[in-house]
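Chemist: Dropping a structure here in structure tokens format, bear with me for questions.
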Amino acid sequence: MPGGRSSHKNTGKPARQLLFSEALLQAKGVPPPTATQPSATHQEMADPAQEPTMDRILQEISAVGCRLEGMDSTMVSMAAETKSIRTEIASFQTRVLGLEQRVSKVEAHASSFQDRDQELLFLHSKLTDLEDRSRRDNVLFRGFPKNIEGEDLHRFLGDTLPGLTGTIFEPPLEFQRSHRLGPWRTDTDARPNRS
């Protein structure tokens, strides 16, 4: 094909257009088929079972279209599921954030309770110490018969103690408070209850 011209000789007949397959064979250096020996492409085209018809092509296109529609509906379904999953994840994130905030508050309260526990222990020990100190001035007398004091325990103790100890107190004894252990009872045999 020098100069871009066809290698067919002009025989006076109109030049036949080369099929793509023939042009491909010529480009590879394969001689063109003779009239008695048709090309393989012509043989394939001559076989009606293998000859692509317009109906078969349309059927194939229709089948591909159906497959694409199926894929499209699958993609839409997957997109909806993905959106649903994202919504659930966002909901979980919100709930987890809320839980984290609540846990932080509980931890802060627990810390303040620990501080209060320490303070309560300190106050309890201080109260015990103060109770012990307040009892240092207390005097406990045993062996007095029941109801011997009558209704005025202060006067009874002021009159009785100097005689029991053999000491005259100047100024006379003063009592901040005096009482029997347990409630006052008229039953002389009953032991007083501690309250």
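Position 31 of the sequence shown, counting from 1, maps to 31 under UniProt numbering, and the rest follow consecutively.
Glycine residues also receive a C-beta, built at the ideal position from the N, C-alpha and C atoms.
1. What would DSSP say about alanine 40, mapped onto helix, strand or coil?
2. Would you list, in sequence order, the uninterrupted alpha helix (DSSP H) runs of no fewer than 4 residues that lie entirely inside the region 84-170?
3. What's the C-alpha gap between isoleucine 168 and phenylalanine 156?
4. Can you check which of these residues, Val76, Leu164, Asp117, is closest to arginine 142 by C-alpha distance?
5. Give the straight-line distance between the Cα atoms of threonine 160 and glutamine 114, rounded to the nearest whole angstrom.
6. Closest by CA to glycine 158, which one among Glu174, Asn147, Cys66, Lys146?
7. So what's glutamine 176 in DSSP terms, helix, strand or just coil?
8. Where proline 88 and alanine 63 are concerned, what is the direct C-alpha to C-alpha distance, given to the nearest angstrom?
9. Using CA atoms only, rank isn't needed, just tell me which of Met75, Arg177, Leu58 is closest to histidine 154.
10. So, with DSSP's three-state summary, where would you put threonine 82?
11. Quick one: does asparagine 147 have its CB under 8 Å from some CB of chain C?
12. Using the Cα positions of isoleucine 148 and arginine 180, report the straight-line distance between them to the nearest angstrom.
13. Quick one: grab the DSSP three-state call for leucine 181.
14. Helix, strand or coil: how does DSSP classify threonine 53 here?
15. To the nearest angstrom, report how far apart aspartate 137 and lysine 146 are at their CA atoms.
16. Can you name, in chain order, every residue of its own chain whose Cβ lies under 8 Å from the Cβ of isoleucine 85, other than the five neighbours on each side?
Modeler: Answer, in terms of the structure:
1. Since pLDDT at alanine 40 reaches only 49, below the 50 mark, its modelled position is unreliable, and no value is offered.
2. With a minimum length of 4 residues, the continuous alpha helix (DSSP H) runs that stay inside the region 84-170 are 153-165.
3. Spanning the two alpha carbons is a distance of roughly 15 Å.
4. That would be Leu164, whose Cα lies nearest to the Cα of arginine 142.
5. Note on geometry: alpha-carbon atoms of threonine 160 and glutamine 114 lie some 53 Å from one another.
6. The candidate whose alpha carbon is nearest that of glycine 158 is Glu174.
7. Glutamine 176 sits in coil when the DSSP states are folded into three classes, being neither helix nor strand.
8. It is worth fixing the name first, because residue 88 is glutamate in this sequence and not proline. Rounded to whole angstroms, glutamate 88 to alanine 63 spans 37 Å at the Cα level.
9. Comparing Cα-Cα distances from histidine 154 to each of Met75, Arg177, Leu58, the minimum goes to Arg177.
10. Of the three classes helix, strand and coil, the one that applies to threonine 82 here is helix, per DSSP.
11. You won't find chain C in this structure, because it holds only one protein chain.
12. Their backbone Cα atoms lie some 11 Å apart in a straight line.
13. Note: leucine 181 maps to coil in three-state DSSP.
14. DSSP places threonine 53 in coil when its eight states are reduced to three.
15. Rounded to whole angstroms, aspartate 137 and lysine 146 show a C-alpha spacing of 24 Å.
16. Excluding residues within five positions, none has a Cβ falling inside 8 Å.
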